[in-house]
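*Asks:* First, the structure itself, so that you have it in front of you.
2 protein chains.
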Amino acid sequence: MSRSLSRRSMLAASGAAAAGAAVLATASLPQSLAAAARSFTDGAHQAGIATAVQDHLVFATFDLTTNSPADLERLLVTWTGAIKALVVGQALAGSGVLEAPPADTGEAAGSPAAGLTVTVGFGPALFEALPALQARRPALLQELPSFPGDQLDPGRSGGAICLQACAQDPIVAFHAVRNLARLGLGTVALRAFQVGTGRTTASGRSEGTPRNLLGFKDGTNNLVGSDQKAMDRYVWVGDETDQAWLRGGTYLVARRIRTHLEVWSSLSLDAQQQVIGRFRASGAPLSGRHEHDAVNLDAVNNLAQPLIAPSAHIRVAAPSLNGGTKILRRGYNFTDGVDPKTGELDAGLFFICFQKNPTTQFVALQARLAANDALSNYTTHTSSALFAIPPAPTPGSAIGAALFS
Amino acid sequence: MSRSLSRRSMLAASGAAAAGAAVLATASLPQSLAAAARSFTDGAHQAGIATAVQDHLVFATFDLTTNSPADLERLLVTWTGAIKALVVGQALAGSGVLEAPPADTGEAAGSPAAGLTVTVGFGPALFEALPALQARRPALLQELPSFPGDQLDPGRSGGAICLQACAQDPIVAFHAVRNLARLGLGTVALRAFQVGTGRTTASGRSEGTPRNLLGFKDGTNNLVGSDQKAMDRYVWVGDETDQAWLRGGTYLVARRIRTHLEVWSSLSLDAQQQVIGRFRASGAPLSGRHEHDAVNLDAVNNLAQPLIAPSAHIRVAAPSLNGGTKILRRGYNFTDGVDPKTGELDAGLFFICFQKNPTTQFVALQARLAANDALSNYTTHTSSALFAIPPAPTPGSAIGAALFS
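Protein sequence lines correspond, in order, to chains A and B. Mapped onto the working numbering, the consecutive letters of the first sequence carry residue numbers 1 to 405. Mapped onto the working numbering, the consecutive letters of the second sequence carry residue numbers 1001 to 1405.
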């Protein structure tokens, strides 16, 4: 931490670019930023994980364009200051002189903070690019294996760093990532940029579980971020890690899952429900009547056939058949226009999940899904990435600072 | 109109596809749909033009896959019934039987109507594809000319039909276009699909003019949809048209304008303001102090230099220098990820404008802007399309029905 602070002073003293200096100025106003604490961190954790899901997502990945750990450390200090300002709706403060580029790009001026959270993560490629940090690489931070049916776009996959920005206002999320990317020029270069959108209803969860583009309620049995016991059990990295800097953090998996909507929509209602294992209208499991009825995988009809088919998504994904594995899903719908190759919509689910162990949780689960889940016939995974998400920084420190100490 | 109704009966009687029949069933419930009148039409005009701008856009274009005007007429009847249901938040009603594909794809189930408007238009390609309708083609409905600097993507440009769906909830707009596209299978095929987003603030206009991705307030001097006199003068087609079916309609121009954000952000504040002709923070013209101060193109500084530069955007676009021309702009920001060719964001303004005469209004204005506007150095137009927007249908009739009578 003291090293981080000295870097800040050094940067400020060295006549850094206007934008960088501006952020440092902003970061030195702790009293006005105290209100940021709730959005910027979530106790010991970064925000945007246990946080109730906002309506809009921008998920960006970056390549490193330096081989100097000091450059990265400096950027994380700059980003931490900027994020503290952004999450309270402050513009990045600059000199304001006419002769300089504005520190802030301005498109969110006048917009409220909109519940913005920004979550920073480190991919395997970061440690490939910075051999000096190899000893700090968590053993579990390996590129995900390929699964049957994957059709991954390399440009959308992987990455050394990720930024997950979520907000109630899409321009606020866009503005955050755009300005953080700009502050990173010379250290990182934008690799992929995905816009996602949840259901935008003013009154939020009281209207029930949102639906995905398949038309089904999505997330009925998801972990709840406020369930601290479950979060500790499934999501937050604990003492089991080989890297002390990652304790209190987690692993983020991102998968761009394209849905073949035309084919799906041409299935009968019965076929759709058999694939998912739930009633479309109510969201109830086919073994029950109400959305939140417990899933009974043993229920049969009067011909002794299982009500929830052997290949039904909720059976194959059921924790009870996956060694008790649960993950925290936090995905968004995406709609990226027409695929010129097929003339169909390039749309689906930008799947994001958090877990303490990507190998025994996501990878094990996805291996089963790819092989057995009937829903796999209607989806194609087009990107894949894994990032280690450090915990919230200690007060006065930068996100990820412990990686360098 | 009587022909339209008889087509509906014919279609219903002929055992049409479940989806089509379902829509007709919905359309035959006039009492429950009476509430739709305000969203579905706007007096004599289609909604989505004079309507206060919603937060989210889906703009889709279609090719015709038939050469039969009767197929198109039938589709417009189906679409009209579906739109009436969608704008009041109703799902497309179907048989509900397990053995049939659901009439409605379901992703908006439980969402409110969200201020949805759907606006239907006809492009030059429609009349190319249907020679039988040539006599009904308005003389002004010609593909737009190319302008200096255009780099148009043919796949995103043109089209026989457009649907502009706007709503406060992005999934509601998506759902509308997806389901209308589905109902059109066999008659139209999706050509392009653009998602756009405005500033999403719960309290709307009271927070002031929204900003574009350049960071400047956008639309300060725009026409106001509720100014009926201005709308009649500049937007609604009147007796001057050669096609009676278009009276009370308008012309929609769509241009996907990519903004070179990295270059723009590296300009000094002074340079940015000189390009636009306004102060970035307040939105005031450089000749004034407050956002809504009248633009004074003759104002000079103490060196007798114009305060608003010769190439400033607001000077080149000024109605007083364009024969009094005004247009109604109704565009949205877009952010479509990283351009793999340059590594920069593919983002900008999906420009939509409405006017009664595309030639003397948009084309004349854009010719001046492309040649003289300093802002053109920071933008590239990547799509172009023109559509004739018919007026609201008479009660009981379908959108565009007058084209066939």
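Even glycine gets a Cβ: it sits at the ideal position worked out from N, Cα and C. As the structure is a computational prediction, the values presented were derived from the model and not from experiment.
1) For S1111(B), count neighbouring Cβ atoms within 10 angstroms of its own Cβ and tell me buried if that reaches 16, exposed if not.
2) Under 8 Å: does the beta carbon of R1233(B) sit that close to some heavy atom of the ligand GDP?
3) Please classify Q1142(B) as buried or exposed, where buried requires at least 16 neighbouring CB atoms within 10 angstroms.
4) Can you tell me whether L98(A) is buried or exposed, with buried defined as 16 or more other CB within 10 angstroms of its CB?
5) In the DSSP output, what is I161(A) paired with across the bridge?
6) Nearest to T1121(B) by CA position, among Q1164(B), P1154(B), S1157(B) and A1093(B), is which residue?
7) Flag this pair as yes or no: are the beta carbons of L190(A) and I83(A) separated by less than 9 Å?
8) Can you pull the chain B residues whose beta carbon is under 9 Å from the beta carbon of F59(A), in chain order?
9) My assumption, with CB atoms under 8 Å, is that T187(A) sits in contact with T66(A). Please give the rounded CB distance.
10) State yes or no: is the beta carbon of F1193(B) nearer than 9 Å to at least one beta carbon in chain A?
11) Relative to the C-alpha of N1316(B), which candidate in Q1273(B), A1370(B) and D1293(B) has its C-alpha closest?
12) How would you call T1335(B), buried or exposed, if buried means at least 16 neighbouring beta carbons within 10 angstroms?
13) Verify the CB distance criterion: does E1291(B) have a CB-CB separation below 9 Å to chain A?
14) Return helix, strand or coil for Q1142(B), following the three-state DSSP convention.
15) Do L144(A) and F362(A) come within 9 Å of each other at the CB atom, strictly closer than that value?
16) Less than 9 Å between the beta carbons of R1047(B) and F1040(B), yes or no?
17) Can you give me the C-alpha to C-alpha distance between Q90(A) and V235(A), rounded to a whole angstrom?
18) Tell me where the beta strand (DSSP E) around H381(A) begins and ends.
19) Measuring CB atoms only, is the region 1059–1078 of chain B touching the region 1157–1171 of chain B, in the sense that at least three cross pairs come out at less than 8 Å?
20) Which term fits P170(A), buried or exposed, when burial requires 16 or more other beta carbons within 10 angstroms of its beta carbon?
21) Given that a residue counts as buried once 16 or more other Cβ atoms are within 10 Å of its Cβ, and exposed if not, what is N302(A)?
22) Are the region 256–264 of chain A and the region 337–350 of chain A touching by the rule of at least three beta carbon pairs closer than 8 Å?
23) Give the residues of chain A in contact with V1338(B), contact being defined as C-beta atoms less than 8 Å apart.
24) Pull up the distance between the alpha-carbon of A1129(B) and that of A1192(B), whole angstroms please.
25) Mapping DSSP to helix, strand and coil, what is G337(A)?
26) Restricting to Cα atoms, I'd like to know which of A1244(B), L1252(B), S1268(B) and V1275(B) is closest to A1135(B).
27) Under 8 Å Cβ-Cβ, which residues of chain A neighbour F1279(B)?
28) Using the DSSP secondary-structure output, state which residues sit across from R211(A) in a beta bridge.
29) What residues in the region 316–334 of chain A bring their beta carbon closer than 8 Å to a beta carbon of chain B?
30) Closer than 8 Å is the cut-off here; do at least three beta carbon pairs connect the region 351–365 of chain A with the region 324–334 of chain A?
31) Within 8 Å, do at least three Cβ pairs link the region 262–275 of chain A to the region 386–398 of chain A?
32) If the criterion is Cβ atoms closer than 9 Å, does the pair Q1151(B) and H1381(B) meet it?
33) Helix, strand or coil, according to DSSP, for F404(A) in the structure here?
34) Distance, Cα to Cα, R74(A) vs G81(A)?
35) What ranges does the alpha helix (DSSP H) occupy inside the region 237–306 of chain A, keeping only unbroken runs of at least 4 residues that lie completely in it?
36) Could you compute how far the alpha carbon of G1184(B) sits from the alpha carbon of I1308(B)?
*Replies:* On the basis of the supplied data:
1) Within a 10 Å sphere around the beta-carbon of S1111(B) sit 16 or more other beta-carbons, which makes this residue buried.
2) With respect to the ligand GDP, the structure offers nothing, as it holds no ligand at all.
3) exposed
4) exposed
5) F62(A) and F122(A)
6) According to the sequence shown, residue 1121(B) is Gly rather than Thr. Of the listed residues, the one whose Cα sits closest to G1121(B) is Q1164(B).
7) no
8) Under the 9 Å cutoff, chain B gives no residues; its nearest Cβ is about 10 Å from F59(A).
9) 5 Å
10) yes
11) Note on identity: in this sequence residue 1316(B) is Val, with Asn being the wrong assignment. Per the Cα distances, A1370(B).
12) buried
13) no
14) coil
15) Here F362(A) is near L144(A), since their CB atoms are less than 9 Å apart.
16) At residue 1047(B) the sequence reads Ala, which differs from the Arg that was named. In contact: A1047(B) and F1040(B) (Cβ atoms closer than 9 Å).
17) 31 Å
18) T379 to I389
19) yes
20) buried
21) exposed
22) yes
23) Ordered by position in chain A, the residues that pass the 8 Å Cβ test against V1338(B) are G155, L190, R191, A192 and F193.
24) 18 Å
25) Strand, per DSSP.
26) A1244(B)
27) Residues of chain A whose Cβ lies closer than 8 Å to the Cβ of F1279(B) do not exist, since the nearest Cβ in that chain is about 10 Å away.
28) Its beta-bridge partners are K217(A).
29) N333
30) yes
31) Under the 8 Å Cβ criterion, the region 386–398 of chain A does not count as touching the region 262–275 of chain A, having fewer than three qualifying pairs.
32) One thing to note: Q1151(B) has its Cβ within 9 Å of the Cβ of H1381(B).
33) helix
34) 11 Å
35) 261–265 and 269–276
36) 50 Å
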